[in-house]
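All remarks here apply to the structure that follows.
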Amino acid sequence: MASKHIEVVVAGVRPLTPRIKEYLLASVDGRPLPRYEPGAHVALHMASRDRGPIVRHYSLIGGLAGRDDPRHVYRIAVQREDRARGSAFIHDTFAPGTRLRVAAPVNNFPLDRRDACTLLIAGGIGVTPIVSMARSLARRGCRYSVVYAGRDPAAMAYRDMLEEVAGDRVRFHYSDEAGVLDLRGLLASQPDGTRVYVCGPAPMIAATHDAGAALGWDPGRVRSEVFTAGPTGDETAFEVELRRSGRTVRVGPDASILDALRLADVPVLWDCARGECGLCPLPVVSADGPIDHRDRYLSAEERAAGETLCICVSRIRGTRLVLDA
Numbered sequence: 009m010a011s012k013h014i015e016v017v018v019a020g021v022r023p024l025t026p027r028i029k030e031y032l033l034a035s036v037d038g039r040p041l042p043r044y045e046p047g048a049h050v051a052l053h054m055a056s057r058d059r060g061p062i063v064r065h066y067s068l069i070g071g072l073a074g075r076d077d078p079r080h081v082y083r084i085a086v087q088r089e090d091r092a093r094g095s096a097f098i099h100d101t102f103a104p105g106t107r108l109r110v111a112a113p114v115n116n117f118p119l120d121r122r123d124a125c126t127l128l129i130a131g132g133i134g135v136t137p138i139v140s141m142a143r144s145l146a147r148r149g150c151r152y153s154v155v156y157a158g159r160d161p162a163a164m165a166y167r168d169m170l171e172e173v174a175g176d177r178v179r180f181h182y183s184d185e186a187g188v189l190d191l192r193g194l195l196a197s198q199p200d201g202t203r204v205y206v207c208g209p210a211p212m213i214a215a216t217h218d219a220g221a222a223l224g225w226d227p228g229r230v231r232s233e234v235f236t237a238g239p240t241g242d243e244t245a246f247e248v249e250l251r252r253s254g255r256t257v258r259v260g261p262d263a264s265i266l267d268a269l270r271l272a273d274v275p276v277l278w279d280c281a282r283g284e285c286g287l288c289p290l291p292v293v294s295a296d297g298p299i300d301h302r303d304r305y306l307s308a309e310e311r312a313a314g315e316t317l318c319i320c321v322s323r324i325r326g327t328r329l330v331l332d333a
């Protein structure tokens, strides 16, 4: 998939919680940005003086309550992680006037507004695509409900806005007081035919799918979005040699192999950028360190063999990787 890079400028910054800030990204020439549907995300391409290229993906929110953002503006929210990586770079350096590049929106979490009933489940910063979906369902008068789980109200971005949009259709679950959300009980209480959209921490995603399976639901009734392939905090830079083309590309600690190859204008196949679709795996010729498989596509046997890896999410714990490409 090819994505055109678009020059944007930070047009506004707003703190939402002690760890989350909202950013408005506007086209530098005022022209409309590419359209998108609820559930879409956008890739931010940045450059750190110390760490080199940084690429991060954030869901597009679309506006506040019932008011859409202007066509030349994208709205995202970024939660600062404890380690000094991409999110910290954004929090520390993005201010009105900051310029950067974004790729055209991609949607791996599409909302089907034709469903008879929809349940939206958000956990923590996973609320961002859920906000976009709730806005869309509310405006169309669809039958839906929202459950938003977080540690406490102060840590939950867009809580007030969801309450304004969804009214009595939204329920807030505070885990510091109520413990872990009973996902099986929640799904069991839904009307027949309800489709679930869930975004949040990986354990919450897995538990929601497990709850649906335990109830005998068709797997397609639970759709999810989770950026599980994000940095773990111990990534290091390494070089990738492309044996057939003769090129060598540096992969920084804050970018994937796919990011680095695309930034170097190396033609590669990809689609989901989450290690799920199976379009991007490349054969491994050699690696001077263990392969860190982070995909959800390769089998356990394929991972153990170490003969291929998904370049969109996986890395090596070494200094040099040679691919048959």
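Using the numbering used here, the first residue of the sequence shown is number 9, and each one after it goes up by one. Beta carbons are placed, not taken as given, at the ideal position from N, Cα and C, and that holds for glycine.
*Continuous alpha helix (DSSP H) stretch holding P101: start and end*: Locating residue 101 in the sequence shown gives position 93, where the first residue counts as 1. Looking at the sequence itself, residue 101 is Thr, so the reference to Pro does not match. It spans 94-101 - the alpha helix (DSSP H) in which T101 sits, taken as one unbroken run.
*What three-state label does DSSP hand I14 in the structure shown?*
For the purposes of this step, residue 14 is identified with residue 6 of the sequence shown, where counting begins at 1. I14: strand per DSSP, three-state reduction.
*Under 6 Å Cβ to Cβ from R159, same chain only, skipping five residues before and after it: list those, please.*
What you label residue 159 is simply residue 151 of the sequence shown in a count that begins at 1. Counting only Cβ-Cβ distances below 6 Å, and skipping sequence neighbours, we find S183, D184.
*Which residues share a DSSP beta bridge with S153?*
Taking the sequence shown and counting its residues from 1, the one referred to as residue 153 is at position 145. According to the DSSP secondary-structure assignment, S153 is paired through a beta bridge with L127.
_Quick check: is any heavy atom of the ligand COA less than 8 Å from the C-beta of P289?_
Because no ligand of any kind appears in the structure shown, any question about the ligand COA cannot be addressed here.
*Below 6 Å CB to CB, which residues in the same chain sit around R179 once its five sequence neighbours on both sides are set aside?*
Here the question's residue 179 lines up with position 171 in the sequence shown. If we look at R179 and ignore the five residues flanking it on each side, its Cβ neighbours are V155.
_Reduced DSSP category for T256 - H, G, I as helix; E, B as strand; rest coil_ = The residue labelled residue 256 in the question sits at position 248 within the sequence shown. Strand.
*What three-state label does DSSP hand G314 in the structure shown?*
Numbered from 1 along the sequence shown, position 306 holds the residue referred to as residue 314. Secondary structure at G314: coil, using DSSP grouped into helix, strand and coil.
*Would N115 pass as a contact of A51 if the rule is Cβ separation under 9 Å?*
The residue you call residue 115 lines up with position 107 of the sequence shown. The residue you call residue 51 lines up with position 43 of the sequence shown. It is not a contact, given that the beta carbons lie outside the stated cut-off.
_Would you call the region 292-308 in contact with the region 215-222, where contact means no fewer than 3 C-beta pairs closer than 8 Å?_
No, they do not touch.
*C318 and P275: beta carbons closer than 9 Å?*
Indexing the sequence shown from 1 puts residue 318 at position 310. Indexing the sequence shown from 1 puts residue 275 at position 267. Using a Cβ distance threshold of 9 Å, C318 and P275 do not count as a contacting pair.
*asked:* Along the chain, where does the alpha helix (DSSP H) containing H217 start, and where does it finish?
replied: Looking up residue 217 in the sequence shown gives position 209. Its alpha helix (DSSP H) spans residues 210-222.
*Is D300 helix, strand or coil when you go by DSSP?*
Here residue 300 refers to the residue found at position 292 of the sequence shown. Reduced to three states, the DSSP call for D300 is strand.
*With 16 other CB atoms within 10 Å as the buried threshold, where does P113 fall?*
Reading the sequence shown from its first residue, position 105 is the one you call residue 113. P113 should be labelled buried.
*M54: first and last residue of the uninterrupted alpha helix (DSSP H) it sits in*: Along the sequence shown, read from residue 1 onward, the residue named residue 54 stands at position 46. For M54, no alpha helix (DSSP H) run applies; the uninterrupted beta strand (DSSP E) run containing it begins and ends at 49-56, by DSSP.
*Terminal residues of the continuous beta strand (DSSP E) containing R122?*
By 1-based counting over the sequence shown, the position of residue 122 is 114. R122: not part of any beta strand (DSSP E); DSSP gives it neither H nor E.
*DSSP beta-bridge partners for D76?*
Within the sequence shown, the letter at position 68 stands for residue 76. The beta-bridge partner set that DSSP reports for D76 consists of G71.
*asked:* Quick check: what's the CA-CA separation for E284 versus S140?
replied: Indexing the sequence shown from 1 puts residue 284 at position 276. Indexing the sequence shown from 1 puts residue 140 at position 132. Roughly 23 Å between the two C-alpha positions.
_Environment of P46 [buried if 16+ CB atoms lie within 10 Å]_ = By 1-based counting over the sequence shown, the position of residue 46 is 38. Buried: at least 16 other Cβ atoms inside 10 Å.
*Terminal residues of the alpha helix (DSSP H) in which L191 lies*: The residue labelled residue 191 in the question sits at position 183 within the sequence shown. Its alpha helix (DSSP H) spans residues 191-196.
*asked:* Just verifying my parser: in three-state terms, what is the DSSP assignment at E185?
replied: As a position in the sequence shown, residue 185 is number 177, starting the count at 1. Helix.
*With distances taken between CB atoms, is the gap from A165 to V206 smaller than 9 Å?*
Translated into positions along the sequence shown, residue 165 becomes position 157. Translated into positions along the sequence shown, residue 206 becomes position 198. Contact flag unset, no.
*Excluding the five sequence neighbours on either side, which residues of its own chain have a C-beta within less than 7 Å of the C-beta of L72, listed in chain order?*
Position 64 of the sequence shown, counted from the first residue, corresponds to residue 72. Taking L72 as the centre and dropping the five residues before and after it, the same chain places the C-beta of M169 closer than 7 Å to its C-beta, in chain order.
_Residues in the same chain with beta-carbon distance under 8 Å from C320, minus the five sequence neighbours each way, listed in chain order, please._
Taking the first residue of the sequence shown as 1, we reach residue 320 at position 312. Closer than 8 Å at Cβ, skipping near neighbours: A237, S264, I265, L266, W278, C280, A281, R282, G283, C288, D303.
_Suppose contacts are defined by Cβ-Cβ distances below 9 Å. Is A124 in contact with R151 by that definition?_
As a first step, residue 124 is located in the sequence shown; it is residue number 116 there, counting from the start. As a first step, residue 151 is located in the sequence shown; it is residue number 143 there, counting from the start. A contact, by the Cβ cut-off of 9 Å.
*Locate the alpha helix (DSSP H) running through R147, then write down its first and last residues.*
Translated into the one-based positions of the sequence shown, residue 147 becomes position 139. 135-147 is the extent of the alpha helix (DSSP H) around R147.
*Output yes or no for whether 9 Å exceeds the beta carbon distance between V81 and L24.*
Taking the first residue of the sequence shown as 1, we reach residue 81 at position 73. Taking the first residue of the sequence shown as 1, we reach residue 24 at position 16. No, the pair does not count as a contact, with Cβ atoms beyond the cut-off.
*Who does I84 pair with in a DSSP beta bridge?*
In the sequence shown, counting from the first residue as 1, residue 84 sits at position 76. According to DSSP, I84 bridges with Y31.
*What number of angstroms, rounded off, separates the C-alpha of I62 from the C-alpha of S95?*
Counted from its first residue, the sequence shown places residue 62 at position 54. Counted from its first residue, the sequence shown places residue 95 at position 87. Answer to the nearest angstrom: the Cα atoms are 10 Å apart.
*Please name the residue in G131, I324, P118 whose C-alpha comes closest to that of Q87.*
Walking along the sequence shown from the start, residue 87 turns up at place 79. When each option's Cα is compared against that of Q87, the closest is G131.
*What does a CB cutoff of less than 6 Å around A268 pick up in its chain, not counting 5 residues either side in sequence?*
As a first step, residue 268 is located in the sequence shown; it is residue number 260 there, counting from the start. Counting only Cβ-Cβ distances below 6 Å, and skipping sequence neighbours, we find V257, V259.
_Nonlocal neighbours in the same chain, by C-beta distance under 7 Å from A196, ignoring five residues either side_ = If you number the sequence shown from 1, residue 196 lands on position 188. L223, listed in sequence order.
*Decide if A142 is buried, meaning its Cβ has at least 16 other Cβ atoms within 10 Å, or exposed.*
The residue you call residue 142 lines up with position 134 of the sequence shown. Looking at its Cβ environment, which holds 16 or more other Cβ atoms inside 10 Å, A142 is buried.
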